[in-house]
Amino acid sequence: MTTDARIEAARHLIVRLAAASGSACARSEVDAVMTGLAEIATEVQKGKETDARLDGLAETLFGLATLDFGRRAKLHDDGSVLDAVVACVNMLAEELISYTEERGRIERDLERRVGERTAELHAAAEFLRNIFRTMPGALFLFDRTGKIEAVNEAALRMLDFAENELVGAPAARIFETNEVSLLDDIAMLERRSDVLRAEKTFRDSKGGTIPVLVSATTLPGRGGTIDQAGEIICVAQDIRDRRRLEIELRQAQKLEAIGRLAAGIAHEINTPVQFVSDSIQFVRDAMDDILSFVENYRAANGGGDDRHPAEPGDEEDLAYVLENVPSALNRSLEGLDRIAKIVRSMKQFAHPDRVEMTSVDLNEAIRSTATIANNEYKYVADVEFDFGEIPLVRCHGGDVNQVILNIIVNAAHAIEDVVKVTESRGRITVRTWRDGDSVVMGFADTGGGIPAAIRHRVFDPFFTTKEVGRGTGQGLAIAHSVVVDKHGGDLTFQTELGKGTTFFVRLPIEGKRPVKTTSA
Amino acid sequence: MVVELDVRSQKIRLEEDGIVRAKLKPHVDVDLTDAEEAVSAIASLCQGVRRPVLVDITEVKSMTRECRVYFAGPETAKVEAAAALLIRSPLTKAIGNFFMGLNKPLFPTRLFTSESEAIGWLSSFLT
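Line order of the protein sequences matches chains A and B.
According to the numbering used here, the first sequence is numbered sequentially starting from 242.
According to the numbering used here, the second sequence is numbered sequentially starting from 37.
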């Protein structure tokens, strides 16, 4: 290859390489430029043997190839192609210096930003750790196999465990038996963002049980993909205080109901007290007559006088007394029995509930509660019981009594509104029957029915159509809460204007199912 | 009236056809100061109107990188609507190619070896 040919080839290469170096910063392209420069330099070096002018150019090119961009070739200022090549090489050297400086600046800037971001990430991680550590709610992190990965201090305090006793342990260590299913429930969540909420029971280090409200969801997988599910994060709130307050509130509501019915109950008790009192009075008078008769009889037989053993008419009086005293005593016993029944019903109604469900005879519960409410309906309606053969139902008896009372009182009020117009007595029919694994109580009244416009609101709290002082609008709301939320049952009704309404209370025989979840 | 300014690296003249002629002086190594002086001179001639410029670099010896960057940059774009670089030797062609390929001017720029063709192209940028 001649010198001119080498120079021309070099010129083409340099222009191409310069364009590549100026338009992109990829390392591979820079390497290619350097390799190309070395090849050109070798070519030019060969030409030096025949053309001394190439000497400076070759050195500059070798400098570029070895990342020494400070050298410049000398222009001969003769208008030759060689001068053009020299100018190109010199300009390329300038561009490479600029490029190197820019790249250095970018790298320094990148390092600075990486440092800043790393510090921010450290700060964010520390921030999250602090939240995790200090948040008042107990927080648990489970892996997908149900093993506890992490817990916070509130969780340790709640369960009285040391951290190393929980981390790495299976979920069963803290969940009451049969309640680990939470993790299975979470696995079935349709979307990752769903939150599962359920009341569960934890067991602490000493074996004590702690009712908790659990909110749980899944974290995205560590890979960051939606499909790859990560850990399960679970926040548990100790609801012992809430449970206690709920019990107190329910008790207060029951006492409030007793208070509202007090006048009627007093009247119910007063009536038998009256005829017991009358009967006792009669017996006492009779006893006076009998004693007088006995004294007369003794005097006549042992006193030696000639008085007739009985005054005229004593025989008739004695016969009357002997005939009526037993029935007076029976009436007294009957009256006392009625009083005892009312008092027993009140005691049963007002007795504080236990935390656990107990087995309850719902037929007896209805009969007893109807006794308390007797004064609410007895002037306007008759109550008929049509009890089926039903098993004992696991429930909170006091709460169910409250439901029964609220529905019966509502029925009585509905009938009373109709009786004001028709002046004919109404009827409340209470039926019970078994339906599969539930027991159903039906309360049918002959009231006016519920207008269509308000049917969707009857279970709303504080919704009432009654005048002030006759109802607060809480009765059916409480009933709904007790039946549906607390027992996992159903409270429904059928109504027809002008005919009446039937409420159906359906309760699971075995009590509320162990898991009930809602997703957010 | 034709007005001509003479700065260190070139002579700059606004012709009656509305096109600015910038003739770089022979054997000058043009640096950033020269570029700033030249653009300032063009601005004073054009008095706020962006005009096409014919730049004759046929006898230039070299241009520093800072100078090329300035000539291709926003300060120059404020006063030049387009630039036609008149070249002749392989050296000036190389400088022109570097200017176009690497510095990428912010306004239309082309290389010409014929002045008349360059003027013809620049005329299309007269407003």
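For glycine and all other residues, C-beta sits at the position ideal for the given N, C-alpha and C.
Since this is a predicted model, take the numbers as computed values, not measurements.
Within 8 Å, strictly: CB atoms of residue i and residue j
i: alanine 328/A; j: isoleucine 131/B; result: yes
i: leucine 603/A; j: isoleucine 631/A; result: yes
i: valine 644/A; j: valine 562/A; result: no
i: valine 66/B; j: glutamate 111/B; result: no
i: valine 659/A; j: glycine 689/A; result: yes
i: leucine 162/B; j: proline 62/B; result: no
i: alanine 569/A; j: valine 514/A; result: no
i: threonine 458/A; j: isoleucine 451/A; result: no
i: leucine 633/A; j: serine 665/A; result: no
i: tyrosine 620/A; j: isoleucine 669/A; result: no
i: isoleucine 750/A; j: valine 680/A; result: yes
i: leucine 305/A; j: leucine 337/A; result: yes
i: phenylalanine 684/A; j: isoleucine 719/A; result: no
i: phenylalanine 143/B; j: alanine 120/B; result: no
i: leucine 646/A; j: alanine 498/A; result: yes
i: leucine 397/A; j: isoleucine 474/A; result: no
i: alanine 395/A; j: valine 408/A; result: no
i: valine 566/A; j: alanine 527/A; result: yes
i: glycine 677/A; j: alanine 622/A; result: no
i: threonine 610/A; j: asparagine 642/A; result: yes
i: cysteine 636/A; j: methionine 598/A; result: yes
i: leucine 127/B; j: aspartate 324/A; result: yes
i: leucine 81/B; j: valine 56/B; result: yes
i: tryptophan 674/A; j: glycine 716/A; result: no
i: alanine 591/A; j: leucine 496/A; result: yes
Status (buried if at least 16 other CB within 10 Å, exposed otherwise) for residue i
i: asparagine 216/A; result: Chain A is shown only over 242 to 761; residue 216/A falls outside these bounds and no answer can be derived.
i: serine 264/A; result: Residue confidence is low: serine 264/A scores 48 on pLDDT, short of 50, so the model does not pin down where it sits. Its coordinate-derived value is still stated next. Under this definition serine 264/A is an exposed residue.
i: phenylalanine 148/B; result: buried
i: valine 38/B; result: exposed
i: glutamine 46/B; result: buried
i: histidine 697/A; result: exposed
i: phenylalanine 402/A; result: buried
i: serine 159/B; result: exposed
i: glycine 465/A; result: Below a pLDDT of 50, predicted positions are generally treated as unreliable, and glycine 465/A, at 47, falls in that range; the measurement from the model is reported next regardless. By the 10 Å Cβ count, glycine 465/A comes out exposed.
i: cysteine 266/A; result: Low per-residue confidence applies at cysteine 266/A: pLDDT is 42, beneath 50, and the placement is therefore not dependable, though the value from the model is reported in the following sentence. Under this definition cysteine 266/A is an exposed residue.
i: alanine 655/A; result: buried
i: glycine 576/A; result: buried
i: tyrosine 538/A; result: exposed
i: proline 486/A; result: This sequence places leucine at residue 486/A; proline is not what is there. Exposed, since its Cβ has fewer than 16 Cβ neighbours within 10 Å.
i: isoleucine 389/A; result: buried
i: histidine 363/A; result: exposed
i: glycine 288/A; result: buried
i: aspartate 686/A; result: buried
i: leucine 308/A; result: exposed
i: aspartate 318/A; result: exposed
i: glutamate 605/A; result: exposed
heavy atom of the ligand GDP below 7 Å from residue i C-beta
i: arginine 668/A; result: Only the bare structure without any ligand can be found here, which leaves the ligand GDP out of the picture.
Cβ-Cβ separation, residue j to residue i (assumed contact under 8 Å), whole Å
i: threonine 742/A; j: isoleucine 695/A; result: That pair is no contact at about 12 Å.
i: alanine 71/B; j: cysteine 103/B; result: 4 Å
i: serine 573/A; j: isoleucine 521/A; result: 6 Å
i: valine 96/B; j: valine 64/B; result: 6 Å
i: leucine 122/B; j: threonine 94/B; result: 6 Å
i: glutamate 417/A; j: arginine 444/A; result: 5 Å
i: aspartate 479/A; j: methionine 399/A; result: 6 Å
Where the alpha helix (DSSP H) containing residue i begins and where it ends
i: glutamine 83/B; result: Neither: glutamine 83/B is in no alpha helix (DSSP H) and is coded neither H nor E.
i: leucine 407/A; result: 404 to 407
i: alanine 669/A; result: The amino acid occupying residue 669/A in the given sequence is isoleucine; alanine does not appear at that position. Looking at the DSSP string, isoleucine 669/A is not in any alpha helix (DSSP H); the run it does join, the beta strand (DSSP E), is 667 to 676.
i: leucine 162/B; result: Segment: none, leucine 162/B is in no alpha helix (DSSP H) and carries neither H nor E.
i: alanine 439/A; result: Unbroken run through alanine 439/A is the beta strand (DSSP E), 437 to 444; no alpha helix (DSSP H).
i: glycine 716/A; result: 716 to 721
Span of the beta strand (DSSP E) around residue i
i: lysine 47/B; result: 46 to 50
i: leucine 646/A; result: No beta strand (DSSP E) holds leucine 646/A; the alpha helix (DSSP H) holding it covers 638 to 663.
i: isoleucine 607/A; result: Where isoleucine 607/A is concerned, there is no enclosing beta strand (DSSP E), although the alpha helix (DSSP H) it sits in stretches over 603 to 613.
i: methionine 399/A; result: Segment 394 to 400 is the alpha helix (DSSP H) holding methionine 399/A; no beta strand (DSSP E) there.
i: leucine 382/A; result: 379 to 383
i: glycine 741/A; result: 741 to 749
i: alanine 685/A; result: 679 to 686
i: valine 624/A; result: 622 to 628
i: alanine 410/A; result: Counting along the chain, alanine 410/A falls outside any beta strand (DSSP E), and DSSP gives it neither H nor E.
i: leucine 633/A; result: Segment: none, leucine 633/A is in no beta strand (DSSP E) and carries neither H nor E.
i: alanine 58/B; result: 56 to 60
- request: Return the chain-ordered ranges of every alpha helix (DSSP H) run that is complete within the region 88 to 153 of chain B and spans a minimum of 4 residues.
  value: 101 to 108, 110 to 113, 126 to 134
Uninterrupted beta strand (DSSP E) stretches inside the region 288 to 374 of chain A (no shorter than 3 residues): none
Complete runs of the beta strand (DSSP E) confined to the region 457 to 545 of chain A [at least 3 residues]: 470 to 479
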